[in-house]
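Notes follow the structure.
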Amino acid sequence: MNTNFSREVVLSDDEAMGRAGMSRRDFIKGIIATGASISAMGYVFGGCAGDMSSAPGAVERLISLNVNGRVRRVDVLPQETLAMTLRYKLGLTGTKLGCDRGECGACTVLVDDVAMYSCSTLTHRVRGRSVVTVEGLEGEDGDLHPVQRAFIEELGPQCGFCTPGQVMSAVALLNINPSPTREEARVAMSGTLCRCGAYDNYLNSVMRAAKEAS
Amino acid sequence: MLRDMMANFELYQPTAIDHALNLMNRYGDGGWVLAGGQDSFDWFKDRAKKPGAVIDINGIDDLHGIRETADGIEIGALTTLTEIETSALIKEKYGVLADAARHVASPQIRNVGTIGGNVCQDTRCWYYRYGLDCYRAGGNTCYADTPEGIDREHCLFGADRCIAVSPSDTAPALVALDARMVVVNGDGEKEVQAEDFFIGPDVDIMRMTILQPGDLLKSIVIPNTWAGARFYFEKVAERNTWDFALVNIAAAMKVDNNAIADIRMACGGVACVPLRLTVVEEVVKGSPQNGASADLAASAASRGATPLNYNGFKIPLMESLVKRAIRES
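Pasting the structure below:
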């Protein structure tokens with residue numbers, strides 16, 4: 128009996144989540160979503176109204192964002208970057224933060240179809256614009272985007288950390304240039320680092336996506 | 082040092098120039114004008130600069146876009162580098178500027194970064210950017226210009242306590258094109274030659290341009306003097322993407338019967354300002370566009386250069402770029 132008790136106590140997080148039928152990813156996202164709703168509640172009920180009152184004419188903190196086709200209300204600090212809002216307020220953790228300095232490209236998202244670093248964009252800058260993250264690429268039926276399929280077929284990623292940024296860069300390129308040369312693709316993809324050095328695999332993927340779409 | 086979230090600031094997003102100028106006057110030194118933000122956010126995240134108010138001017142429509150005027154073009158300060166790189170008008174008539182814009186940073190940064198921000202960005206001296214209290218930051222020492230200082234990316238010309246260099250790729254192109262900067266403040270509007278817009282530490286060690294608190298760069302005017310001339314731009318950096326130039330060069334040239342009728346040339350990465358190479362211009366004007374003129378130009382270009390401990394390589398690098406610019410414009 129004593130043994131059983133100890134065993135129960137040393138259950139790892141993974142085991143606990145496994146028993147509850149959850150993946151680690153769902154668990155983390157659940158935590159983020161809870162945090163976001165608590166902070167929004169604070170605003171609605173005036174919990175932190177003191178901090179909210181900004182100088183006249185300065186931006187309002189509670190704003191609507193159009194992310195992946197859905198309009199979402201969110202409480203955004205004046206100095207908050209889009210990457211922070213996406214990951215820690217909206218639970219969209221597909222967008223990765225690598226360097227947080229606009230030097231790696233893992234956080235690349237599309238704003239009105241233009242690729243930019245979400246770590247180097249203020250969330251207040253994208254009010255009224257359409258933000259698309261890697262989560263927003265799949266079709267309504269859950270099918271992967273042609274670029275995502277090509278990345279799988281060509282074994283584009285190695286470790287996968289930079290992949291969301293690479294996918295978004297490729298989607299931005301093919302939106303404006305559906306049949307790029309390999310050199311054009313190389314330039315378009317140059318703003319996203321891959322520390323595994325899988326650049327050629329990524330280029331193969333982009334060229335395949337372009338070919339299959341034509 | 083905190084390196085994750087930016088410190089608090091008030092954020093304003095004015096939609097008219099007057100409104101922005103009022104805010105800039107209200108906050109003075111404590112205000113920060115934000116264009117694309119690709120330089121600003123590094124300062125804020127490293128907490129090396131902590132403005133009380135950030136004035137995001139991106140919503141001001143009058144500051145965007147490229148217009149053809151009677152005697153050239155006018156480029157709004159908030160025109161992105163991608164817009165400049167892909168503009169048919171700029172590519173056709175002022176190709177050296179499109180070429181320079183194409184060499185800045187990375188595609189994502191060019192999509193957001195503006196021409197105004199590119200010319201107004203602060204220097205990349207790593208001691209200064211780290212937030213040390215050097216001369217440029219208001220202190221009384223230079224950390225780069227010491228026996229142990231790593232000064233390989235610093236200046237060859239115009240050192241005056243500070244040895245930082247101009248980081249911009251578009252600035253030399255604008256000097257070569259004889260552009261004018263339109264600056265607006267509460268008292269009205271004025272135009273300044275691109276060459277005079279940039280200032281060295283001998284003029285003011287804490288600024289890289291003539292802009293004072295309350296001044297806003299509104300647009301850049303390029304006269305049609307050099308429209309359709311022969312151009313040359315080259316940037317040498319350790320990486321093709323992201324990296325700043327070790328040395329870059331921009332030239333505009335008019336050739337008549339294989340003789341160089343007129344020329345303007347500017348070099349970045351060798352001084353605190355984009356350095357106009359007037360001696361080179363004088364030396365080659367009237368000479369044939371050939372290797373001999375290029376050799377003469379190269380030795381004239383580096384005359385007076387004062388290398389530091391680790392940046393001697395910049396002298397032959399600069400000479401080579403001048404040679405190529407003369408031969409291949």
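So the protein sequences, as listed, match chains G and C. Read in the numbering used here, the first sequence has 165 at position 38, and its numbers run on one by one without any break. Read in the numbering used here, the second sequence has 248 at position 167, and its numbers run on one by one without any break. We put the CB at the ideal spot given by N, CA and C, even for glycine.
For residue i, the nearest candidate out of the options (CA to CA)
| i | options | result |
| --- | --- | --- |
| residue 302 of chain C | C/170, C/355, C/262 and C/138 | C/262 |
| residue 169 of chain C | C/158, C/188, C/186 and C/146 | C/146 |
| residue 301 of chain G | G/189, G/330 and G/281 | G/330 |
| residue 275 of chain C | C/267, C/304 and C/295 | C/304 |
| residue 389 of chain C | C/236, C/329 and C/382 | C/236 |
| residue 227 of chain C | C/189, C/244 and C/121 | C/244 |
| residue 373 of chain C | C/355, C/403, C/344 and C/350 | C/403 |
| residue 242 of chain C | C/233, C/221, C/258 and C/234 | C/221 |
| residue 193 of chain G | G/323, G/215 and G/238 | G/238 |
| residue 242 of chain G | G/252, G/295, G/280 and G/188 | G/295 |
| residue 197 of chain G | G/223, G/315, G/254 and G/279 | G/254 |
| residue 318 of chain C | C/375, C/268, C/249 and C/288 | C/249 |
| residue 142 of chain C | C/90, C/299 and C/104 | C/299 |
| residue 223 of chain G | G/217, G/315 and G/233 | G/233 |
| residue 219 of chain C | C/121, C/279, C/288 and C/96 | C/288 |
Coil, strand or helix - residue i by DSSP
| i | result |
| --- | --- |
| residue 323 of chain C | coil |
| residue 383 of chain C | coil |
| residue 295 of chain G | helix |
| residue 197 of chain C | helix |
| residue 153 of chain C | strand |
| residue 106 of chain C | helix |
| residue 243 of chain G | strand |
| residue 305 of chain C | helix |
| residue 391 of chain C | coil |
| residue 112 of chain C | strand |
| residue 189 of chain G | strand |
| residue 217 of chain G | coil |
| residue 432 of chain C | Lying before the first or after the last residue shown, residue 432 of chain C is absent from chain C, which here runs from 82 to 410. |
| residue 314 of chain G | helix |
| residue 250 of chain G | helix |
| residue 198 of chain G | strand |
| residue 316 of chain C | strand |
| residue 322 of chain G | coil |
| residue 101 of chain C | helix |
| residue 264 of chain G | coil |
| residue 300 of chain C | strand |
| residue 351 of chain C | coil |
| residue 372 of chain C | helix |
| residue 123 of chain C | helix |
Cα-Cα separation between residue i and residue j, rounded to whole angstroms
| i | j | result |
| --- | --- | --- |
| residue 334 of chain G | residue 259 of chain G | 22 angstroms |
| residue 385 of chain C | residue 358 of chain C | 12 angstroms |
| residue 185 of chain G | residue 94 of chain C | 7 angstroms |
| residue 203 of chain G | residue 286 of chain G | 32 angstroms |
| residue 396 of chain C | residue 346 of chain C | 16 angstroms |
| residue 276 of chain G | residue 213 of chain C | 48 angstroms |
| residue 155 of chain C | residue 339 of chain G | 42 angstroms |
| residue 229 of chain G | residue 152 of chain C | 38 angstroms |
| residue 292 of chain G | residue 321 of chain G | 10 angstroms |
| residue 165 of chain C | residue 307 of chain G | 20 angstroms |
| residue 182 of chain G | residue 161 of chain C | 30 angstroms |
| residue 325 of chain G | residue 184 of chain C | 24 angstroms |
| residue 190 of chain G | residue 158 of chain C | 28 angstroms |
| residue 453 of chain C | residue 319 of chain G | The displayed coordinates of chain C run from 82 to 410. Any statement about residue 453 of chain C would go beyond what the structure contains. |
| residue 88 of chain C | residue 229 of chain C | 33 angstroms |
| residue 323 of chain C | residue 225 of chain G | 15 angstroms |
| residue 186 of chain C | residue 202 of chain C | 13 angstroms |
| residue 290 of chain C | residue 380 of chain C | 29 angstroms |
| residue 171 of chain C | residue 182 of chain C | 11 angstroms |
| residue 362 of chain C | residue 376 of chain C | 13 angstroms |
| residue 303 of chain G | residue 309 of chain G | 15 angstroms |
| residue 284 of chain G | residue 299 of chain G | 18 angstroms |
| residue 192 of chain C | residue 119 of chain C | 10 angstroms |
| residue 273 of chain G | residue 337 of chain G | 9 angstroms |
| residue 200 of chain G | residue 400 of chain C | 57 angstroms |
| residue 99 of chain C | residue 297 of chain C | 11 angstroms |
Beta-carbon separation (whole angstroms), residue i vs residue j, contact threshold 8 angstroms
| i | j | result |
| --- | --- | --- |
| residue 353 of chain C | residue 246 of chain C | 6 angstroms |
| residue 245 of chain G | residue 210 of chain G | 4 angstroms |
| residue 311 of chain C | residue 336 of chain C | 6 angstroms |
| residue 235 of chain G | residue 208 of chain G | Actually they do not touch by this definition, with Cβ atoms about 13 angstroms apart. |
| residue 328 of chain G | residue 282 of chain G | 6 angstroms |
| residue 267 of chain G | residue 221 of chain G | That belief does not hold up - the Cβ atoms of residue 267 of chain G and residue 221 of chain G are roughly 18 angstroms apart, past 8 angstroms. |
Fill in: Contact between the stretch 176-195 of chain C and the stretch 208-228 of chain C (3+ Cβ pairs under 8 angstroms)
no
Practice prompt. Would you check if there are 3 or more beta carbon pairs closer than 8 angstroms linking the stretch 321-333 of chain C to the stretch 251-268 of chain C?
Written response: yes
Worksheet item: For the 8 angstroms Cβ check, are there 3 or more pairs between the stretch 121-136 of chain C and the stretch 102-112 of chain C?
Response: yes
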